[in-house]
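Engineer: Below is the structure I would like to discuss, written out as structure tokens.
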Amino acid sequence: MAAKLRKGDKVIVLSGKDKGKTGSISSVDPKSGKAIVDGVKIAIRATRQTQTSQGGRIPKAMPIDLSNLALVDANGKATRVGFKIEGDKKVRFAKTTGDVIDA
Numbered sequence: 001m002a003a004k005l006r007k008g009d010k011v012i013v014l015s016g017k018d019k020g021k022t023g024s025i026s027s028v029d030p031k032s033g034k035a036i037v038d039g040v041k042i043a044i045r046a047t048r049q050t051q052t053s054q055g056g057r058i059p060k061a062m063p064i065d066l067s068n069l070a071l072v073d074a075n076g077k078a079t080r081v082g083f084k085i086e087g088d089k090k091v092r093f094a095k096t097t098g099d100v101i102d103a
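Counting from 1, position 29 in the sequence shown corresponds to residue 29 in full-length UniProt numbering; the numbering is continuous, with no gaps.
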């Protein structure tokens, strides 16, 4: 199945303690159905000091389920993603506006 949400997409959180926050997807794990969004679902992790990095309490973005994310359209609202064929390419489009997401 084609990925409706991809790395670099601007998304909004639909449910959970971070409901309403927006951010950009930094990585997607399609096998587990989760994504890491910058600035959303931040947890503090204690890490040991190494030669290259300082130890201590480090904020880290945790994975969030793809079902709790929605793409942000040109108007800044949440939208569902559809697929259509343009020419000989399969492209994603926003269901609310009908705009093509990736050219």
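Just so you know, even glycine gets a beta-carbon here, dropped at the ideal spot from N, CA and C.
Suppose you measure from the CA of Thr50 to the CA of Ile58; what does that come to, to the nearest Å?
Structural biologist: One-based indexing of the sequence shown puts residue 50 at position 50. One-based indexing of the sequence shown puts residue 58 at position 58. When rounded, the distance between both Cα atoms is 13 Å.
Engineer: Excluding the five sequence neighbours on either side, which residues of its own chain have a C-beta within less than 7 Å of the C-beta of Asp102, listed in chain order?
Structural biologist: Sequence index remark: in the sequence shown, residue 102 carries index 102 (1-based). Correct list, in chain order: Val91 and Arg92.
Engineer: Buried or exposed for Asp65, please, with buried defined as at least 16 other CB atoms from any protein chain shown within 10 angstroms of its CB.
Structural biologist: Locating residue 65 in the sequence shown gives position 65, where the first residue counts as 1. That one is exposed.
Engineer: Should Thr97 and Arg80 be called a contact, given that it needs their Cβ atoms to be closer than 9 Å?
Structural biologist: To locate residue 97, count along the sequence shown from 1; it is residue 97. To locate residue 80, count along the sequence shown from 1; it is residue 80. Their beta carbons are not under 9 Å apart, which means Thr97 does not touch Arg80 by this criterion.
Engineer: Determine the direct distance from the alpha carbon of Lys4 to that of Ala43, and round the result to whole angstroms.
Structural biologist: Mapped onto the sequence shown, residue 43 falls at position 43. Mapped onto the sequence shown, residue 4 falls at position 4. Between Ala43 and Lys4, the C-alpha separation is close to 26 Å.
Engineer: Take Lys41 and list the residues in its own chain whose beta-carbon comes closer than 6 Å to its own, dropping the five residues that flank it on each side.
Structural biologist: What you label residue 41 is simply residue 41 of the sequence shown in a count that begins at 1. Asp18, Met62 and Ile64, listed in sequence order.
Engineer: Might you give, ordered along the chain, the residues of its own chain that have their beta carbon closer than 6 Å to the beta carbon of Ala46, omitting 5 neighbours on each side?
Structural biologist: Position 46 of the sequence shown holds residue 46. If we look at Ala46 and ignore the five residues flanking it on each side, its Cβ neighbours are Arg57.
Engineer: When you compare only the Cα positions, how much space is there between Ser67 and Ser27?
Structural biologist: Indexing the sequence shown from 1 puts residue 67 at position 67. Indexing the sequence shown from 1 puts residue 27 at position 27. So the two alpha carbons sit approximately 15 Å from each other.
Engineer: Taking 9 Å as the cut-off, decide whether the C-beta atoms of Gly8 and Ile36 are in contact.
Structural biologist: Translated into positions along the sequence shown, residue 8 becomes position 8. Translated into positions along the sequence shown, residue 36 becomes position 36. Going by C-beta atoms, Gly8 is not nearer than 9 Å to Ile36.
Engineer: Can you grab the Cα-Cα spacing for the pair Arg6 / Lys34, in whole Å?
Structural biologist: Locating residue 6 in the sequence shown gives position 6, where the first residue counts as 1. Locating residue 34 in the sequence shown gives position 34, where the first residue counts as 1. Arg6 and Lys34: Cα-Cα distance of roughly 11 Å.
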